[in-house]
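Input: a single structure, listed below in structure tokens.
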Amino acid sequence: MKEIRFRFFVDKDCNWFQDSKPITHKRIYNFNYQNLKRDEQGLFYVEENNSRAYVNFEDKPYIVKSIDISEDNRILLNLNDFSCESLNIDTLIFKENIPYCSVKNGKYEAKFSRPALHQIAKAITSKNGSYYINSRIIKYP
249 MKEIRFRFFV DKDCNWFQDS KPITHKRIYN FNYQNLKRDE QGLFYVEENN
299 SRAYVNFEDK PYIVKSIDIS EDNRILLNLN DFSCESLNID TLIFKENIPY
349 CSVKNGKYEA KFSRPALHQI AKAITSKNGS YYINSRIIKY P
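Counting from 249, one number per residue, gives the positions in the sequence shown under my numbering.
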């Protein structure tokens with residue numbers, strides 16, 4: 249089995265590094281997210297000119313920066329790649345009091361930032377020891 253060399257490291261706040269140097273250029277950051285994929289073993293990589301540059305994530309590949317609640321009560325996630333999508337409540341779980349959910353059609357996981365956690369907490373209700381959003385139960389592993 250071939251040893252994987254990670255070209256990129258991404259910290260728990262989704263700051264990207266290459267060779268221990270931060271990637272601060274917005275276009276490179278966007279390119280990396282637009283070309284982020286998973287291999288057969290579940291490892292992340294950025295596809296560049298038919299080659300793979302592997303990425304080591306300290307936590308999850310995406311961060312929910314903030315949320316908005318639409319007029320029809322959908323929860324909209326504003327992600328760190330500057331995209332926005334609806335929360336699939338069935339994928340929302342809490343690990344050590346931090347919310348996580350699936351994003352990008354279930355292909356990836358996202359961790360909620362502290363501001364997003366405070367925002368979603370306003371939409372959570374409790375009843376009989378369980379927690380709900382829009383009458384749907386939230387899972388705790």
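Ideal Cβ placement from N, Cα and C applies to all residues, glycine included.
DSSP state of residue i mapped onto helix, strand, coil
| i | result |
| --- | --- |
| I337 | helix |
| R253 | coil |
| Q266 | strand |
| K274 | helix |
| N280 | helix |
| K359 | strand |
| D259 | coil |
| P191 | Residue 191 falls outside the range modelled here, since the chain spans only 249 to 389, and no answer is possible. |
| F330 | coil |
| N304 | strand |
| R286 | strand |
| K352 | coil |
| L291 | coil |
Extent of the continuous alpha helix (DSSP H) run through residue i
| i | result |
| --- | --- |
| P228 | Because the chain in this structure spans residues 249 to 389, residue 228 falls outside the shown range and cannot be described. |
Minimum C-alpha distance to residue i - residue among the options
| i | options | result |
| --- | --- | --- |
| E306 | N263, G290, R300 and K285 | N263 |
| L284 | S268, V303, K269 and P270 | V303 |
| R253 | E333, Y356 and R300 | R300 |
| Q282 | P270, E295, I271 and T373 | E295 |
| K343 | S334, K250, F360 and D329 | F360 |
| N321 | R286, S268 and A371 | A371 |
Inset, instruction - Kindly confirm or deny that the stretch 316 to 325 and the stretch 367 to 383 touch, where touching means at least three C-beta pairs closer than 8 Å. - result: yes
Legend entry - Cβ contact (3+ pairs, closer than 8 Å) linking the stretch 351 to 358 and the stretch 317 to 332: yes
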